[in-house]
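Asks: Attaching a single structure in structure tokens format; questions to follow.
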Amino acid sequence: MDNKTGMSPFEAAFHASAERHERFWIFGVLVMLVLLTIGTMFYVVHDYGLVTGTHSYAADPQAPAREAAFQDGKVVRTGPNSYAVYMVGRAWHWAPDVIHVPEGAEITFYVTSADVLHGFEIQGTPVNLTAVPGVVGTVKYTFRHAGLFRIICNEYCGMFHHAMVARIIVDPAGTP
Amino acid sequence: MSMEITADTLPSALARSDSDRAAASMHRLMLAFLITGFSALLIGATIGPLQALNYGGVDAYPALRPLLQSYYQGLTIHGVMNGYVFTFFITCGLLVYLPARELGVAPNLVMWRTCFAIMAVGALCVLYAMADNSSSVLWTFYPPLKGSPFFYIGITLLALGSTMPLPILLEMRATWRRHRPGEITPLVTYMSLTTMLMWGLAGVGVMAELVLQLDPWSLGLIGTVDPIINRTLFWLTGHPIVYFWLMPAYVSWYGLLSRQVGGKLISDPMARITFALLMIFALPVGTHHQFSDPGFSSIWRGILVVLTMSVATPSLVTAFTIGLSLEYAGRLRGGQGWFGWFRALPWGDPSVAAQLLAAITFILGGATGIVNGSWQLNAIVHNTTFIPGHFHVTVGSVTAMTLMAISFWMVPHLTGRQLISRRLALFSVWTWFVGMTIFAIGMTWAGLYGVPRRAWVSALPHDTYHALYGAASVPLALVAAGGVLLWVASYAFFAVFFGSILFGRRAAPPPVPFAQSFGGPASSTIDSPPNPAQSASPLIRALDHVWLLTGITVLATLAAYIPILWPFLHHVTRAPGWILW
Numbered sequence: 055m056d057n058k059t060g061m062s063p064f065e066a067a068f069h070a071s072a073e074r075h076e077r078f079w080i081f082g083v084l085v086m087l088v089l090l091t092i093g094t095m096f097y098v099v100h101d102y103g104l105v106t107g108t109h110s111y112a113a114d115p116q117a118p119a120r121e122a123a124f125q126d127g128k129v130v131r132t133g134p135n136s137y138a139v140y141m142v143g144r145a146w147h148w149a150p151d152v153i154h155v156p157e158g159a160e161i162t163f164y165v166t167s168a169d170v171l172h173g174f175e176i177q178g179t180p181v182n183l184t185a186v187p188g189v190v191g192t193v194k195y196t197f198r199h200a201g202l203f204r205i206i207c208n209e210y211c212g213m214f215h216h217a218m219v220a221r222i223i224v225d226p227a228g229t230p
Numbered sequence: 006m007s008m009e010i011t012a013d014t015l016p017s018a019l020a021r022s023d024s025d026r027a028a029a030s031m032h033r034l035m036l037a038f039l040i041t042g043f044s045a046l047l048i049g050a051t052i053g054p055l056q057a058l059n060y061g062g063v064d065a066y067p068a069l070r071p072l073l074q075s076y077y078q079g080l081t082i083h084g085v086m087n088g089y090v091f092t093f094f095i096t097c098g099l100l101v102y103l104p105a106r107e108l109g110v111a112p113n114l115v116m117w118r119t120c121f122a123i124m125a126v127g128a129l130c131v132l133y134a135m136a137d138n139s140s141s142v143l144w145t146f147y148p149p150l151k152g153s154p155f156f157y158i159g160i161t162l163l164a165l166g167s168t169m170p171l172p173i174l175l176e177m178r179a180t181w182r183r184h185r186p187g188e189i190t191p192l193v194t195y196m197s198l199t200t201m202l203m204w205g206l207a208g209v210g211v212m213a214e215l216v217l218q219l220d221p222w223s224l225g226l227i228g229t230v231d232p233i234i235n236r237t238l239f240w241l242t243g244h245p246i247v248y249f250w251l252m253p254a255y256v257s258w259y260g261l262l263s264r265q266v267g268g269k270l271i272s273d274p275m276a277r278i279t280f281a282l283l284m285i286f287a288l289p290v291g292t293h294h295q296f297s298d299p300g301f302s303s304i305w306r307g308i309l310v311v312l313t314m315s316v317a318t319p320s321l322v323t324a325f326t327i328g329l330s331l332e333y334a335g336r337l338r339g340g341q342g343w344f345g346w347f348r349a350l351p352w353g354d355p356s357v358a359a360q361l362l363a364a365i366t367f368i369l370g371g372a373t374g375i376v377n378g379s380w381q382l383n384a385i386v387h388n389t390t391f392i393p394g395h396f397h398v399t400v401g402s403v404t405a406m407t408l409m410a411i412s413f414w415m416v417p418h419l420t421g422r423q424l425i426s427r428r429l430a431l432f433s434v435w436t437w438f439v440g441m442t443i444f445a446i447g448m449t450w451a452g453l454y455g456v457p458r459r460a461w462v463s464a465l466p467h468d469t470y471h472a473l474y475g476a477a478s479v480p481l482a483l484v485a486a487g488g489v490l491l492w493v494a495s496y497a498f499f500a501v502f503f504g505s506i507l508f509g510r511r512a513a514p515p516p517v518p519f520a521q522s523f524g525g526p527a528s529s530t531i532d533s534p535p536n537p538a539q540s541a542s543p544l545i546r547a548l549d550h551v552w553l554l555t556g557i558t559v560l561a562t563l564a565a566y567i568p569i570l571w572p573f574l575h576h577v578t579r580a581p582g583w584i585l586w
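So the sequences go chain by chain: A and B. Per my numbering, residue 55 is the first one in the first sequence, and the count goes up by one each step. Per my numbering, residue 6 is the first one in the second sequence, and the count goes up by one each step.
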């Protein structure tokens with residue numbers, strides 16, 4: 055025993071080695087986290103389309119769903135290769151429940167809810183947006199492949215939450 | 006009786022002997038916290054595997070109809086009992102009892118009993134509201150889904166009671182410091198205090214949600230609530246609750262585990278830095294649970310990513326400090342080479358095995374947590390089974406297994422009865438480890454196929470289930486298999502826990518296994534020799550000013566939340582309630 059520190063030689067040696075390695079570890083951890091943060095931020099900035107946006111707020115939770123765009127439930131052409139889709143979640147269905155969009159076009163989804171929270175998830179894509187009563191949220195996405203995609207509700211909304219499924223049919227580019 | 010004893014005479018009496026009457030009251034109360042907590046887990050864990058089977062395509066709920074009306078009712082009970090009642094009771098017992106023993110100072114028993122009573126009334130209210138299917142709103146209870154007043158008032162009481170250890174701890178620490186001026190707070194007390202300070206601050210969010218909105222709304226005093234404001238207030242508390250689950254496990258890893266494996270804690274300062282960082286970072290980052298919600302500016306989302314990544318620092322420091330402390334013990338025990346020290350640890354001790362296995366699962370838990378915090382990756386996994394997959398290898402393994410580990414020494418310590426079977430205890434923790442790992446791999450994997458969390462998928466028509474989730478059949482089968490293993494594991498544990506309390510053989514109670522740190526004192530009780538050699542660094546002395554840490558945390562939280570809540574407060578939505586189950 056070393057009388058000054060009360061440590062055995064093995065303990066003292068282990069302690070000294072530990073303190074040295076500790077600094078390396080913390081440095082390594084910080085570098086790793088900085089790189090991870092830069093990585094995820096770069097991806098967001100580089101591919102900015104998938105950021106959840108806010109279109110409007112309303113004091114009446116039903117008001118957005120009563121707007122003409124949401125009532126019609128159509129796919130609206132907004133540019134040469136861009137479309138807007140207005141989607142309302144209600145317990146327990148999405149309206150409209152089937153839509154056609156062209157492959158390769160930029161689609162802006164406007165999503166709201168007419169009752170409780172719903173989760174607008176397009177299976178197989180990163181499109182994931184909370185449908186909030188009184189708030190219209192937006193997200194942009196471009197389907198690169200034709201085929202059938204399903205919209206699933208991923209925020210609990212009651213007894214038939216699991217059955218709240220709609221379809222997006224992505225038509226191959228060039229079809230009228 | 007205990008009320009007659011003053012704070013000045015009791016400490017030395019308590020430090021001397023376990024047979025003291027106040028110590029006996031303390032033991033009984035701690036045991037009550039432990040039994041109530043694990044009874045809640047018994048209810049929650051009994052329902053859990055039904056949910057795992059649901060994802061495997063097996064719908065057990067029609068057979069349980071008189072008891073449970075739906076998957077969603079079962080899921081509400083599972084989340085509330087495991088996430089709130091189980092963890093709150095054990096933590097509120099532990100974070101008073103351990104510091105009391107470390108300091109040799111008696112806690113204020115009246116306040117501690119009040120803490121128990123308030124939470125018990127709250128738990129009974131919530132249980133009643135969930136049992137009659139009036140409040141199948143899940144543990145996150147997002148409005149405008151509307152449960153019964155019993156549910157919200159019960160949660161209010163649980164949250165209120167769970168902050169009561171804070172004044173008890175402050176009082177004990179003040180008593181200890183009066184007798185030992187100039188010394189820094191002993192480690193276990195420091196860790197417990199920062200945990201409770203963090204939780205006391207964090208509780209403001211959900212208390213505001215409940216007291217200002219959901220309680221009066223459910224009682225019919227106000228007609229409407231704002232969904233997004235309440236969701237934001239919920240996550241103001243809902244993210245720090247993750248640390249309220251994790252930090253008590255860290256208290257055991259830093260404060261006890263090194264002794265249990267026969268070694269020492271290699272760094273007392275690192276433990277303090279970890280807890281201070283957890284306290285500061287836990288609060289401002291709650292809205293990273295809302296990356297998919299409208300209403301947040303992209304700038305804020307970016308800042309949140311940076312803050313969220315920072316939260317990983319204290320946990321990665323913990324991995325190092327605990328890992329090296331274990332290596333020290335393993336080498337003392339004769340372990341050689343790269344991994345020999347790990348095998349040389351006392352794996353035959355179920356309390357040690359449970360904590361080591363819990364730490365291993367945290368590798369997956371931490372890695373998936375970094376995915377969740379990564380914004381774009383979050384868009385892929387948000388509200389899929391990836392999320393419960395992640396938190397079952399944090400709270401479901403790190404917290405649950407560490408609390409089980411604590412019970413393995415604490416039941417003998419409190420009752421003077423041995424475990425009825427060390428082998429059954431080992432079986433339960435190994436099965437829990439294997440089951441939870443399989444379950445979590447299945448859940449995270451299925452999440453990548455877009456399988457939503459919290460969905461009664463087994464109630465879908467067979468062909469719909471296959472069209473939607475057939476691609477994920479292998480991971481979903483793993484989920485079901487893991488769930489069944491967890492059922493076996495939890496019942497093996499409950500047999501050991503309740504069996505030992507009732508029928509364990511009488512033996513001399515073991516002491517609390519407080520770890521000694523390198524260069525630290527053997528004991529920190531109020532009547533132990535003064536510790537002048539304790540030449541703490543300026544940083545550690547600064548961290549001992551817990552009110553400074555509290556101030557920093559409050560400022561960081563205000564800076565994060567005022568810009569977030571500002572637009573919401575200017576665009577209030579008046580949403581009526583819905584009962585949809």
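Ideal Cβ placement from N, Cα and C applies to all residues, glycine included. Computed from a predicted structure; not experimentally measured.
State yes or no: is the beta carbon of F396(B) nearer than 8 Å to at least one beta carbon in chain A?
Replies: Closer than 8 Å: no.
Asks: Hey, does A112(A) have any beta-carbon neighbour from chain B nearer than 8 Å?
Replies: Chain B contact via Cβ: present.
Asks: Does the distance from the C-beta atom of G79(B) to that of S463(B) stay below 8 Å?
Replies: Not closer than 8 Å, so no.
Asks: Please report the residue range of the alpha helix (DSSP H) in which M314(B) lies.
Replies: Unbroken alpha helix (DSSP H) run through M314(B): 303 to 337.
Asks: If H32(B) and L419(B) are in contact, beta carbons under 8 Å, what's the gap, nearest whole angstrom?
Replies: The pair is a contact, with the Cβ atoms about 5 Å apart (cut-off 8 Å).
Asks: Nearest to A27(B) by CA position, among L129(B), S167(B), R106(B), T119(B), is which residue?
Replies: Out of L129(B), S167(B), R106(B), T119(B), R106(B) has the C-alpha closest to the C-alpha of A27(B).
Asks: Give me the residue from V266(B), G475(B), H294(B), P514(B) with the minimum Cα distance to S379(B).
Replies: Among V266(B), G475(B), H294(B), P514(B), the Cα nearest to that of S379(B) belongs to H294(B).
Asks: What distance in whole Å lies between the Cβ atoms of G268(B) and S330(B), which are believed to be in contact at a cut-off of 8 Å?
Replies: That belief holds up - the Cβ atoms of S330(B) and G268(B) are roughly 6 Å apart, short of 8 Å.
Asks: Which runs of the alpha helix (DSSP H) spanning at least 4 residues fall entirely within the segment 50 to 117 of chain B, listed in chain order?
Replies: With a minimum length of 4 residues, the continuous alpha helix (DSSP H) runs that stay inside the segment 50 to 117 of chain B are 76 to 84, 92 to 108.
Asks: W461(B) touches chain D at which residues, Cβ-Cβ below 9 Å?
Replies: Although the question refers to chain D, the structure presented lacks it and instead comprises the protein chains A and B.
Asks: Helix, strand or coil: how does DSSP classify I206(A) here?
Replies: I206(A): strand per DSSP, three-state reduction.
Asks: Nearest to V186(A) by CA position, among Y111(A), A227(A), P134(A), Q177(A), is which residue?
Replies: The residue with the shortest Cα to Cα distance from V186(A) is Y111(A).
Asks: Taking C-beta pairs closer than 7 Å, name the residues in chain B that Q125(A) reaches, listed in chain order.
Replies: What Q125(A) touches in chain B: nothing, since even the nearest Cβ is about 20 Å away.
Asks: Kindly say whether H83(B), judged by its beta-carbon, lies nearer than 8 Å to any beta-carbon of chain A.
Replies: Chain A contact via Cβ: absent.
Asks: Which residues of chain B have a Cβ atom closer than 9 Å to the Cβ of R115(A), listed in chain order?
Replies: Residue 115(A) is actually Pro in this sequence, not Arg. What P115(A) touches in chain B: P149, T229, P232, T578, R579, A580, P581.
Asks: Just the C-alpha distance for L560(B) and Q74(B), rounded to the nearest angstrom, thanks.
Replies: Each residue's Cα considered, the two are about 46 Å apart.
Asks: Exposed or buried, which one is I443(B) when buried takes at least 16 other CB atoms within 10 Å?
Replies: I443(B) should be labelled buried.
Asks: If distances are taken between C-alpha atoms only, which option among P172(B), P515(B), T190(B) comes closest to A541(B)?
Replies: Nearest of P172(B), P515(B), T190(B) to A541(B), Cα basis: T190(B).
Asks: DSSP on I584(B), reduced to helix/strand/coil?
Replies: Reduced to three states, the DSSP call for I584(B) is coil.
Asks: Judging by CA-CA distance, which residue of I161(A), A122(A), E175(A) is the nearest neighbour of G143(A)?
Replies: Among I161(A), A122(A), E175(A), the Cα nearest to that of G143(A) is on E175(A).
Asks: Given a cut-off of 8 Å, decide if P112(B) and I158(B) are closer than it, judged by their beta-carbon atoms.
Replies: In this structure, P112(B) does not lie closer than 8 Å to I158(B) by Cβ.
Asks: Can you confirm whether L473(B), when its beta carbon is compared against all beta carbons of chain A, has any partner nearer than 8 Å?
Replies: Output row for L473(B): interface = yes.
Asks: I'd like to confirm the pairing. Which residues does DSSP put opposite S110(A) in its beta bridges?
Replies: The partner list for S110(A) (beta bridge, DSSP) reads V190(A).
Asks: For V193(B), count neighbouring C-beta atoms within 10 Å of its own C-beta (all shown protein chains included) and say buried if the count is 16 or more, exposed if not.
Replies: When all chains shown are included, V193(B) counts as buried.
Asks: Taking only three categories from DSSP, how would you classify D225(A)?
Replies: Looking at D225(A) - three-state DSSP - the assignment turns out to be strand.
Asks: Roughly how many whole angstroms lie between the Cα atoms of F301(B) and L554(B)?
Replies: Those two C-alpha atoms are separated by around 28 Å.
Asks: What residues of chain B sit near I153(A), judged by a beta carbon separation below 9 Å?
Replies: In chain order: nothing, as chain B lies at least about 18 Å away.
Asks: What do you reckon, are the CB atoms on T407(B) and S257(B) nearer than 8 Å?
Replies: Yes, they are a contact pair.
Asks: Of all the beta strand (DSSP E) runs that stay within the bounds of the segment 222 to 304 of chain B, which reach a length of 3 or more residues?
Replies: Complete beta strand (DSSP E) runs here, min 3: none at all.
Asks: Is there a C-beta anywhere in chain A that falls below 8 Å from the one on T242(B)?
Replies: It does not; no Cβ of chain A falls within 8 Å.
Asks: Bridge partners of V219(A), per DSSP?
Replies: DSSP lists I206(A) as partners of V219(A).
Asks: Looking only at DSSP bridge pairs, what is I153(A) linked to?
Replies: Looking at the DSSP assignment, I153(A) forms a beta bridge with I222(A).
Asks: Can you list, in chain order, the residues of the segment 376 to 395 of chain B whose Cβ is nearer than 9 Å to any Cβ on chain A?
Replies: Against chain A - using a Cβ distance shorter than 9 Å - the residues of the segment 376 to 395 of chain B are G378, S379, W380, Q381, L382, N383, A384, I385, V386, H387, N388, T389.
Asks: Pick helix, strand or coil for N182(A), following the three-state DSSP scheme.
Replies: If DSSP states are grouped into helix, strand and coil, N182(A) belongs with the strands.
Asks: Nearest chain B C-beta to F163(A) closer than 8 Å, yes or no?
Replies: No, because no Cβ of chain B sits closer than 8 Å to the Cβ of F163(A).
Asks: What in chain A is Cβ-close to S303(B), meaning under 7 Å?
Replies: The answer, in chain order, is V105.
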